[in-house]
Amino acid sequence: MPKAAPGSWTRQRSSSIGERAVELGLAGCSLVSIFVTIGIVVVLVHEAGVFFADVPLGDFFGGTTWTPQFDPAHYGVWPLVAGTLLTSGIAMLVALPFGLLAAIYLSEYAAPRTRRMLKPALELLAGIPTIVYGFFALTVVTPALKNVFPELGIFNALSPGIVMGVMIIPMISSLSEDAIYAVPDSLREAAYGLGSGKLPAIIRVIVPSAWSGIAASITLAISRAIGETMILAIAAGQSTEMRLDPREQTETMTGYIVRIAKGDVPTGTVSYNSIFAVGLLLFTMTLVMNVISYRLSRKLRARNRT
Amino acid sequence: MKGSEDVAAWLRGRQGVWTERVFVWVARFAVFAPLAMLAWLLGNVFIDGASRIDWDFITGLPSRHAHKAGIYPALMGSLWLITLTAVIALPLGVATAVYLEEYGRTSRLAGIIEVAIANLAGVPSIIYGMLGLGVFVRFAGLGPSVIAGALTLALLVLPIVIMATREALRTVRDSLREAALALGATRWRTTWHVVLPMSIPGILTGAILAVSRAIGETAPLVLVGAVAAIRFAPDGVDSPYGALPMQIYKWTSVPNKDLRTNAAAAIVVLVIVLLLLNSVAIWLRNRYQKRAY
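See the structure below:
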């Protein structure tokens, strides 16, 4: 703060032109977000267009063989989509029960002090760089799982899926906890007043009325799992065979993009350009999830306001 | 429509003290099991890596001989990246947040920007890498330079800065804005002299969150051409560069026990930098919160 008497800056002469310029400048900065959104779409559509000039759309979306580096090359994207869905599915199998139960515990059972300590602690999980999780999946979790499933490969879908699930637990637990915590006490009291116990009230009244917030957190978590890259690039492997066996190695859409971009393939070739087509599909999938989540959380906010 | 007694009976369900007790224990497990996994992860990495860390590891160059290799160029690359990223993303993000909260609350443009930001926050980081490759590396002709990497990361963390700053601006009470306006201050002077100073703790927290995110990102850097095992530190914004996560990725992907130990040691350094950043955030927040009005 300057040493001037309080309030002196409020009386300085101000030009309305200066004010207007500041407002325009701020509006200009905020336009960057719109340009970035447009930029993503333009880059992906343009570069994918180059790819689709060589490979028909029908082959890309209809084929089940993905062999860009073989001769003849096949560009059927389904094996990569299957890899993404398999690992995301495993991650959600882990994150969903843990995240929801943690949210219910923190909101309804934990003492306020415990809640204040445990919630940020859980959020730490989301703050660890994904490269660290990848290292962990490959060097610790896979060998540990091998004791249970001896036929597990060095690269497999199971271990990175589980680790990714742990990583997204706080996405579900934090947002769901916010939603459950925001359920008005009058609903709890009404349920107790009708003779309900705590657990039945949670299952039949509180969780259902927080449902749109919980669903928003789940869709956001799915979107995060679909787009996660490094854990899979490190620990899932590179097989693009079409299969859904979690013990075998697999390659996701993101894993493929990283492997090609890393320099496996010279730029400008059809197989290099294929990463943009895969990227466009990935972007579309996450966009759909994000839009659903955005709608759901707005519904929640609109309801809470009344 | 059920009668109220039916509803009451339905709500009562089959209540057993044991059912609830078991449920609470299961739920408690759901909180502590992930935390235990985190402890297992960090403990494992520290046991593997800590003994490998010495001054030579921090100041040394990558080497074919695992036990001689160091992370100096990668570490310097990461410091360049996060500094430039913060310098680019912070003013842009704060300006956007100020526009949305203080100026354009009701404008159509603000509504569109809001949707764009909500969408950008959920875009996978690898897609930002493709954007950076298309726009900064190729179209703008920056090539695989540290500035192209930093611009890409800045766009990636922009939503974090914007959301944290908006949150901070919202905590400033309207009565203070009204008081400044009533004294004859313009909207910008009110923002600059009253609202922003009071929002500094929140903005700083957002800045550190953004930097913490940027320093661990790997996938976008692969796309925009960061070098996996670089032998020199950047000497300018147009210099080729490596980064700590890129070096970790390189060492992890080779099936060699000594290189994996190096990766663990580099992870320890990365986690320590992250912890330092976050302690600074907490310290700053406490320091400023004491002066809260």
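If you're matching them up, the sequences are chains A and B in order. In case it helps, the working numbering puts the first sequence at residues 1 to 306. In case it helps, the working numbering puts the second sequence at residues 307 to 599. Quick reminder that beta carbons are idealized off the backbone N, C-alpha and C, glycines included.
ask   = Alpha carbon to alpha carbon, how far is VAL443 (chain B) from LEU482 (chain B)?
value = 46 Å
inquiry  = Let me confirm a value: PRO170 (chain A) is counted as buried when at least 16 other C-beta atoms fall within 10 Å, else exposed. Which label applies?
reply    = buried
ask   = Which one or two residues does DSSP pair with TRP78 (chain A) in a beta bridge?
value = Its beta-bridge partners do not exist; DSSP assigns none.
query = Using a Cβ-Cβ cut-off of 7 Å (strictly less than) and excluding sequence neighbours within five positions of THR252 (chain A), which residues of its own chain qualify?
reply = LEU80, GLY83, THR84, THR87, LEU232 and ALA236
task = Leaving aside the five residues before and after LEU280 (chain A) along the sequence, list all residues of the same chain whose C-beta is less than 6 Å from its C-beta, in chain order.
result = LEU44 and ALA48
query = Grouping DSSP H, G and I as helix and E and B as strand, with all else coil, what is THR286 (chain A)?
reply = helix
key: Proximity winner among B:ILE423, B:ALA336, B:VAL517 and B:SER585, relative to THR37 (chain A) (alpha-carbon distances)   = Nearest to THR37 (chain A) by C-alpha distance, out of B:ILE423, B:ALA336, B:VAL517 and B:SER585, is B:ILE423.
query = Do you know how far the Cα of PHE338 (chain B) is from the Cα of VAL141 (chain A)?
reply = Going from the Cα of VAL141 (chain A) to the Cα of PHE338 (chain B) covers about 18 Å.
key: Pairwise C-alpha distance: MET92 (chain A) and SER274 (chain A)   = 28 Å
task = Evaluate LYS3 (chain A) with the Cβ neighbour count: other Cβ atoms within 10 Å of its Cβ, from every protein chain shown; 16 or more gives buried, anything less gives exposed.
result = Confidence is the limiting factor: at LYS3 (chain A) the pLDDT is only 46, short of 50, which leaves the residue's position unreliable, though a coordinate-based value still follows. LYS3 (chain A) should be labelled exposed.
task = Spatial neighbours of ILE466 (chain B) within its chain, please: CB distance less than 7 Å, with the 5 preceding and 5 following residues excluded, ordered by chain position.
result = GLY512, LEU515, ALA516 and ARG519
ask   = How do the region 526–542 of chain B and the region 416–435 of chain B stand: do at least 3 beta-carbon pairs fall below 8 Å, yes or no?
value = yes
request  = To the nearest angstrom, report how far apart GLN249 (chain A) and MET552 (chain B) are at their CA atoms.
outcome  = 23 Å
message = Taking 6 Å as the limit between beta carbons, can you name the residues of its chain near TYR409 (chain B), skipping five residues before and five after?
response = Excluding residues up to 5 positions away in sequence, nothing lies with its Cβ nearer than 6 Å to the Cβ of TYR409 (chain B) in the same chain.
query = In terms of alpha-carbon separation, which member of A:MET164, A:ARG115 and A:SER176 lies closest to LEU138 (chain A)?
reply = A:MET164
request  = Note down, in chain order, every chain A residue with its Cβ under 9 Å from the Cβ of THR391 (chain B).
outcome  = Proximity of chain A to THR391 (chain B) at the Cβ level (cut-off 9 Å) is not reached, the minimal Cβ distance being about 14 Å.
ask   = Curious, which full-length beta strand (DSSP E) runs of at least 3 residues does the region 390–456 of chain B contain?
value = Runs found: none.
ask   = Taking just the CA atoms, how far does PHE283 (chain A) sit from LEU347 (chain B)?
value = Each residue's CA atom was taken as its position, placing LEU347 (chain B) and PHE283 (chain A) some 31 Å apart.
key: Identity of the residue in A:PHE51, A:GLU108, A:GLU23 and A:PHE98 nearest THR269 (chain A) by Cα   = A:PHE51
query = In angstroms, rounded to a whole number, what distance separates the CA positions of SER173 (chain A) and ALA103 (chain A)?
reply = 5 Å
Three-way DSSP call (helix, strand, coil) for THR254 (chain A) in this model = helix
message = Can you tell me whether VAL517 (chain B) sits near the ligand GDP, meaning its C-beta is under 8 Å from at least one heavy atom of the ligand?
response = Looking for the ligand GDP in the displayed structure turns up nothing, as the structure carries no ligands at all.
inquiry  = Quick check: the Cα distance between ALA215 (chain A) and ILE292 (chain A), rounded to an integer number of angstroms?
reply    = 9 Å
query = For VAL404 (chain B), does the count of other Cβ atoms within 10 angstroms reach 16, so buried, or fall short, so exposed?
reply = Burial check for VAL404 (chain B): the Cβ neighbour count within 10 Å reaches 16 or more, so the residue is buried.
task = Measure the Cβ-Cβ separation of PRO540 (chain B) and VAL429 (chain B) and say whether it is below 9 Å.
result = no
inquiry  = Are the CB atoms of LEU145 (chain A) and ILE168 (chain A) within a distance shorter than 9 Å?
reply    = Against a cut-off of 9 Å, the Cβ pair of LEU145 (chain A) and ILE168 (chain A) comes out as no contact.
ask   = Going along the chain, which unbroken runs of the alpha helix (DSSP H) with 4 or more residues stay wholly within the region 460–534 of chain B?
value = 480–488, 493–496, 502–522 and 525–529
message = Can you check which of these residues, B:ILE418, B:HIS373 and B:GLY383, is closest to ILE34 (chain A) by C-alpha distance?
response = Per the Cα distances, B:ILE418.
query = Would you call the region 174–183 of chain A and the region 127–136 of chain A touching, i.e. three or more CB-CB distances under 8 Å?
reply = no
request  = Give, in chain order, every residue of the region 330–361 of chain B whose Cβ lies closer than 9 Å to some Cβ of chain A.
outcome  = VAL330, VAL332, ALA333, ARG334, PHE335, ALA336, VAL337, PHE338, ALA339, PRO340, LEU341, MET343, LEU344, TRP346, LEU347, LEU348, ASN350, VAL351 and ASP354
task = Could you give the DSSP three-state label for THR67 (chain A): helix, strand or coil?
result = strand
ask   = Under a CB-based cut-off of 9 Å, is PRO546 (chain B) close to chain A?
value = Taking Cβ atoms only, chain A never reaches closer than 9 Å to PRO546 (chain B), which makes this a no.
inquiry  = Quick check on the burial criterion: 16 or more other C-beta atoms within 10 angstroms. Buried or exposed for SER357 (chain B)?
reply    = Exposed, because fewer than 16 other Cβ atoms sit within 10 Å of the Cβ of SER357 (chain B).
key: Cβ pair GLY18 (chain A), TRP498 (chain B) closer than 9 Å   = no
Within chain B, partners of VAL140 (chain A) - CB distance below 8 Å = From the beta-carbon of VAL140 (chain A), the residues of chain B found nearer than 8 Å are TRP346, LEU347 and ASN350.
Where PRO97 (chain A) meets chain B, residues with beta-carbon distance less than 8 Å = The answer, in chain order, is ALA336.
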